[in-house]
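Beneath this line is the structure, given in structure tokens, with notes to follow.
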Amino acid sequence: MADTKDIQNDRWVGCITQVRDAQDQAAFAELFNHFAPRVKAFLMKSGADATLAEECAQDVMATLWQKSHLFDPSRASAATWIFTIARNRRIDAIRKMKRPEPEDLPWGPETEPDQADVLVLQQESEQLGQAISELPEKQRTLIEKAYFGDLTHNEIAEQTGLPLGTIKSRIRLALDRLRHAMK
Amino acid sequence: MQDQIKHHLSDALLMAYSAGNLPEAFSLTVAAHISMCDECRARLGAFDTVGGALIDQAETAPMVAGSLEATMERIKSGGGQTHRQQPFVRTGGVLPKPIQDYIGGDLEAVKWRSVGMGVKQAILPTARDATARLLYIPAGAAVPDHGHKGTELTLVIQGAFRDEVDHFGPGDIEVANEDLDHTPVADIGADCICLAATDAPLKFKGVLPRIAQPFLRI
């Protein structure tokens, strides 16, 4: 299971690179067929009707094409990066708000990422995904509500069933990676 | 700088920011802190990864017929090119870049209004479900004693302050809720500049600040 997923993410990373370097429409179609229906479902769970969700999902996929230079596989898996694009579209189109973003790190996406860092990041993302898929139903529903619904930070803080421990162990890994990258 | 930061964002705030469920004024404060704090940047990366895993495992909603072609049309009408975007980095100044974007410049562009006792503030143009303001507290001066109905986030950008809880230096963020009445006092060494966000009006103890409150929108 884990191996198949790793290979799958490798393929998505390869597809995004193909779009970036060669404007490859076949690679884009692969990404589209996998991710667009998931993004659409995410937006519908967040309160968009089917028409708005369809339109926003198309926007998200078009943004993926246009911003493919900004994708850094040593900092995010393909699914994580697409989530952030879809999240921003949701805030813009459904919540009708701006979302201020942090400054970029000075080393930015211009340099080619280190392949060892890419591997570690992809493995960590996979492990976290695995851990989430194995959560008891109740905890999983809660975490989906935090991301797809509209739990406020106060509500999140009050929810004792949230599996933050699962996330925290990955946070330690993320910190180690960041320290490594800053050496 | 990041090694000196002692006060970080809570998991709840980071998760809500990652999910996109914070009021704009809070998102701005979180974005400004992350701009100064690599630890919280990495923690945010982990919360974004949770979102990615959920999308990956989510059920699907079928796209309409011709959806891929329509998307290709969108891309072509945008020129069909991939865009090399300028990285979003600060080129100088005191304020983190996300705040500079709201000011339209750095400190010299801030339109300060006096709130008395040498304390100045500038309200930033965010959605009105929460308020973000820059505070300028002269060295040694105090912000009037106040409590909170909702949540108040205070990020130190320059200088430092002390209140009933602890000492807060550059990059530190204080998360105050209904349980806290406090009187932040700026350190003697330097004027203190903070970004403060609230989702409910503050409750001042003194009569004068209470009278002034409706006019100052704090």
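Protein chains in written order, with this note's numbering: chain A, 1 to 183; chain B, 1 to 218. All residues carry an ideal CB built from backbone N, CA and C; glycine is no exception.
Residue from B:ARG74, B:GLY169 and B:LEU28 whose Cα sits closest to the Cα of MET61 of chain A: The residue you call residue 61 of chain A lines up with position 61 of the first sequence. The candidate whose alpha carbon is nearest that of MET61 of chain A is B:ARG74.
Element boundaries [beta strand (DSSP E), containing LEU119 of chain A]: Start at 1 with the first residue of the first sequence, and residue 119 of chain A comes out as number 119. Unbroken run through LEU119 of chain A is the alpha helix (DSSP H), 115-133; no beta strand (DSSP E).
Nearest-angstrom Cα separation, counted from ALA36 of chain A out to ILE123 of chain B: Translated into positions along the second sequence, residue 123 of chain B becomes position 123. Translated into positions along the first sequence, residue 36 of chain A becomes position 36. One C-alpha to the other measures close to 39 Å.
Same chain only: Cβ atoms within 6 Å of HIS182 of chain B, ignoring 5 sequence neighbours per side: On the second sequence, residue 182 of chain B is found 182 positions in, with the first residue counted as 1. Excluding residues within five positions, the ones whose Cβ falls inside 6 Å are ASP163 and GLU164.
Contact between the stretch 84-97 of chain A and the stretch 113-130 of chain A (3+ Cβ pairs under 8 Å): no
Listed by chain order, chain A residues near THR71 of chain B by CB distance under 7 Å: Translated into positions along the second sequence, residue 71 of chain B becomes position 71. Under the 7 Å cutoff, chain A gives PHE32, GLN58, MET61 and ALA62.
Partners in chain B for ASP150 of chain A, counting only beta-carbon separations shorter than 7 Å: Here residue 150 of chain A refers to the residue found at position 150 of the first sequence. Those within 7 Å of ASP150 of chain A in chain B are ASN21.
Under the three-state DSSP convention, the category ILE137 of chain B falls into: Here the question's residue 137 of chain B lines up with position 137 in the second sequence. ILE137 of chain B: strand per DSSP, three-state reduction.
Rounded straight-line distance, which links the Cα of VAL185 of chain B to that of SER68 of chain A: One-based indexing of the first sequence puts residue 68 of chain A at position 68. One-based indexing of the second sequence puts residue 185 of chain B at position 185. Cα to Cα, SER68 of chain A sits roughly 47 Å from VAL185 of chain B.
LEU44 of chain B and ILE55 of chain B closer than 8 Å at C-beta: The sequence position of residue 44 of chain B within the second sequence is 44, counting from 1. The sequence position of residue 55 of chain B within the second sequence is 55, counting from 1. For LEU44 of chain B and ILE55 of chain B, no; Cβs fall outside 8 Å.
For HIS167 of chain B, the three-state DSSP class (helix, strand or coil): Reading the second sequence from its first residue, position 167 is the one you call residue 167 of chain B. DSSP places HIS167 of chain B in strand when its eight states are reduced to three.
Neighbouring residues, chain A, relative to ILE34 of chain B (Cβ below 7 Å): Here residue 34 of chain B corresponds to residue number 34 of the second sequence, with the count starting at 1. Chain A residues near ILE34 of chain B: PRO102.
Proximity to ALA130 of chain B [Cα-Cα], best of B:LEU22, B:PHE168 and B:THR91: Within the second sequence, numbered from 1, the residue matching residue 130 of chain B stands at position 130. Nearest C-alpha to ALA130 of chain B: B:LEU22.
Rounded separation between ALA2 of chain A and ASP187 of chain B - CA only: Position 2 of the first sequence, counted from the start, is the residue given in the question as residue 2 of chain A. Position 187 of the second sequence, counted from the start, is the residue given in the question as residue 187 of chain B. Annotation note: pLDDT 49 at ALA2 of chain A (below 50); position unreliable, no value reported.
Nearest-angstrom Cα separation, counted from SER114 of chain B out to ILE103 of chain B: The residue labelled residue 103 of chain B in the question sits at position 103 within the second sequence. The residue labelled residue 114 of chain B in the question sits at position 114 within the second sequence. Using only the alpha carbons, I get a separation of about 17 Å.
Within chain A, the residues that ASP166 of chain B reaches when beta carbons sit closer than 7 Å: Residue mapping note: residue 166 of chain B aligns to position 166 of the second sequence, counting from 1. Simply none; closest approach about 20 Å.
Cβ-Cβ distance between GLY165 of chain A and GLN139 of chain A below 8 Å: Residue 165 of chain A sits at position 165 when you count from the first residue of the first sequence. Residue 139 of chain A sits at position 139 when you count from the first residue of the first sequence. For GLY165 of chain A and GLN139 of chain A, no; Cβs fall outside 8 Å.
The stretch 73-86 of chain A / the stretch 27-46 of chain A touching (three or more Cβ pairs under 8 Å): yes
LYS45 of chain A, enclosing alpha helix (DSSP H) - first and last residue: Position 45 of the first sequence holds residue 45 of chain A. 25-45 is the extent of the alpha helix (DSSP H) around LYS45 of chain A.
Closer than 8 Å at the beta carbon, the chain A residues around ARG74 of chain B: Mapped onto the second sequence, residue 74 of chain B falls at position 74. Within chain A, the residues near ARG74 of chain B are GLN58, ASP59 and ALA62.
Terminal residues of the alpha helix (DSSP H) in which ILE91 of chain A lies: Locating residue 91 of chain A in the first sequence gives position 91, where the first residue counts as 1. 78-93 is the extent of the alpha helix (DSSP H) around ILE91 of chain A.
Beta-carbon neighbours of MET138 of chain A, restricted to chain B and to distances below 9 Å: Against the first sequence, residue 138 of chain A aligns to sequence position 138. Here residue 138 of chain A turns out to be Lys, not Met, going by the sequence shown. Neighbours of LYS138 of chain A on chain B: none; closest Cβ ~16 Å, over 9 Å.
Distance, LEU105 of chain A Cα to PHE32 of chain A Cα: For the purposes of this step, residue 32 of chain A is identified with residue 32 of the first sequence, where counting begins at 1. For the purposes of this step, residue 105 of chain A is identified with residue 105 of the first sequence, where counting begins at 1. Roughly 29 Å separates the two Cα atoms.
Residue from A:PHE71, A:ALA48 and A:ARG75 with nearest C-alpha to GLN18 of chain A: Taking the first residue of the first sequence as position 1, residue 18 of chain A is located at position 18. Checked all of A:PHE71, A:ALA48 and A:ARG75; the closest Cα to GLN18 of chain A is A:PHE71.
Touching by the beta-carbon criterion (3+ pairs, under 8 Å), the stretch 187-196 of chain B and the stretch 129-143 of chain B: yes
ARG128 of chain B classed as buried or exposed, judged by whether at least 16 other C-beta atoms fall within 10 angstroms: Taking the first residue of the second sequence as 1, we reach residue 128 of chain B at position 128. Classification of ARG128 of chain B: exposed, given that the 10 Å Cβ count is below 16.
Neighbouring residues, chain B, relative to PRO37 of chain A (Cβ below 7 Å): On the first sequence, position 37 is the one that residue 37 of chain A refers to. Result: THR60, ALA61, PRO62 and MET63.
Collapsed DSSP secondary structure at GLY92 of chain B in the structure displayed: For this step, residue 92 of chain B is matched to residue 92 along the second sequence. Correct three-state label for GLY92 of chain B: coil.
Element boundaries [alpha helix (DSSP H), containing GLU55 of chain A]: Position 55 of the first sequence, counted from the start, is the residue given in the question as residue 55 of chain A. Here the alpha helix (DSSP H) through GLU55 of chain A covers 50-66.
is_contact[GLU144 of chain A, chain B] using C-beta, thresh 8 Å: As a position in the first sequence, residue 144 of chain A is number 144, starting the count at 1. Closer than 8 Å: yes.
Residue environment, MET1 of chain B, which counts as buried when at least 16 other CB atoms sit within 10 Å: As a position in the second sequence, residue 1 of chain B is number 1, starting the count at 1. Residue placement at MET1 of chain B is poorly supported in this model, since its pLDDT is 47, which falls under 50; the coordinates still yield a value, given next. The residue is exposed, with fewer than 16 neighbouring Cβ atoms inside 10 Å.
Endpoints, alpha helix (DSSP H) assigned at LYS50 of chain B: Taking the first residue of the second sequence as position 1, residue 50 of chain B is located at position 50. Checking the sequence, you will find Val at residue 50 of chain B rather than Lys. Run containing VAL50 of chain B: 38-57, per the alpha helix (DSSP H) assignment.
Beta strand (DSSP E) segment containing LEU13 of chain B, residue limits: The count along the second sequence starts at 1 and reaches residue 13 of chain B at position 13. Counting along the chain, LEU13 of chain B falls outside any beta strand (DSSP E), though it belongs to the alpha helix (DSSP H) covering 11-19.
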